[in-house]
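*Asks:* Please read through the structure below; I'll follow up with questions.
In the numbering used here, the protein residues as written are 1 to 82.
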């Protein structure tokens with residue numbers, strides 16, 4: 001459960017095809033169409049928000065690319081809760 005502002009941010013990210021991964025607790029977006037798709041997962045290249053990393057001597061949020069990532073659908077957050 002988050003704030004109303006978090007709800008609005010999540011809604012906007014979902015409009016832009018970002019998906020929240022419950023296990024890694026961050027947002028992912030397809031960088032390209034998945035190479036493998038099954039009923040349980042898809043595998044391919046994704047962009048994700050790294051909230052723990054550093055970029056150009058700055059700490060905080062940045063985007064990174066993850067190659068050959070397996071996104072298991074059981075960890076996909078489908079609901080937006082106010």
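All C-beta atoms in this analysis are idealised placements derived from N, C-alpha and C, irrespective of residue type, glycine included. Predicted model only: the values in this text are computed from it and were never measured.
CB-CB under 8 Å to residue 32, same chain, minus the five flanking residues each way: which ones, in chain order?
*Replies:* In the same chain as residue 32, and ignoring 5 residues on each side of it, the C-beta atoms closer than 8 Å to its own belong to 44, 45, in chain order.
*Asks:* Going by DSSP in three states, residue 80 sits in which element: helix, strand or coil?
*Replies:* coil
*Asks:* Between residue 11 and residue 50, what straight-line distance do the alpha-carbon atoms span, to the nearest angstrom?
*Replies:* 19 Å
*Asks:* Any idea if residue 27 is buried or exposed, counting beta-carbon neighbours within 10 angstroms, 16 or more meaning buried?
*Replies:* Here residue 27 is buried: its Cβ has 16 or more other Cβ atoms, across all protein chains shown, within 10 Å.
*Asks:* For a quick check, are the C-beta atoms of residue 75 and residue 40 less than 8 Å apart?
*Replies:* no
*Asks:* Start and end of the alpha helix (DSSP H) containing residue 5?
*Replies:* 4 to 15
*Asks:* Would residue 71 and residue 42 be called neighbours here (beta carbons separated by less than 8 Å)?
*Replies:* yes
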